[in-house]
Amino acid sequence: MESQKDERLWRIAKKRASFKRSLFAYIVIIAFLWAIWWFRIGRITGFVGTPWPIWVMLGWGIALGFQYFNAYNGSVRDLAEEEYEKLKK
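With full-length UniProt numbering applied, the sequence shown covers 1 to 89.
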């Protein structure tokens with residue numbers, strides 16, 4: 001029983017660590033893309049039209065949101081395990 005809990009905790013820890021790495025990469029790369037846009041186009045034209053980095057932010061941000069939900073709110077299986085433990089008591 002204890003090894004099952006340890007495996008579950010390791011799985012959660014790995015998901016959370018993976019999310020944190022992804023978030024760091026997102027912040028760094030998005031900042032870099034916005035800098036490229038600003039120095040190539042934005043500085044000259046300003047905010048006319050839709051800047052292309054917004055689409056990268058949107059797509060990757062949605063994926064990051066799903067990863068956050070999975071890492072910190074758990075999956076359906078984890079919720080089922082918690083309910084099982086409550087009923088078992």
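Glycine included, each C-beta is placed from N, C-alpha and C at the ideal position.
Return the chain-ordered list of same chain residues with a C-beta closer than 6 angstroms to the C-beta of residue i, the five sequence neighbours on each side being excluded.
i, result
"Ile36", "none"
"Ile41", "none"
"Ile44", "none"
Under a Cβ-count criterion, where at least 16 other Cβ atoms within 10 Å of its own Cβ denotes burial, should residue i be classed as buried or exposed?
i, result
"Ala63", "exposed"
"Ala71", "buried"
Spatial neighbours of residue i within its chain, please: C-beta separation below 7 angstroms, excluding the five flanking residues on both sides.
i, result
"Tyr68", "Phe19"
"Gly46", "none"
Measure the C-alpha to C-alpha separation of residue i and residue j and round it to an integer number of angstroms.
i, j, result
"Ser3", "Ser22", "28 angstroms"
"Asp6", "Val48", "53 angstroms"
"Pro51", "Trp38", "9 angstroms"
"Leu87", "Phe24", "39 angstroms"
"Ala80", "Leu33", "41 angstroms"
Can you name, in chain order, every residue of its own chain whose Cβ lies under 8 angstroms from the Cβ of residue i, other than the five neighbours on each side?
i, result
"Ile30", "Pro53, Val56, Met57 and Trp60"
task: May I have a chain-ordered list of the alpha helix (DSSP H) segments no shorter than 4 residues that lie completely inside the UniProt domain "2TM" (13-74)?
output: 53-72
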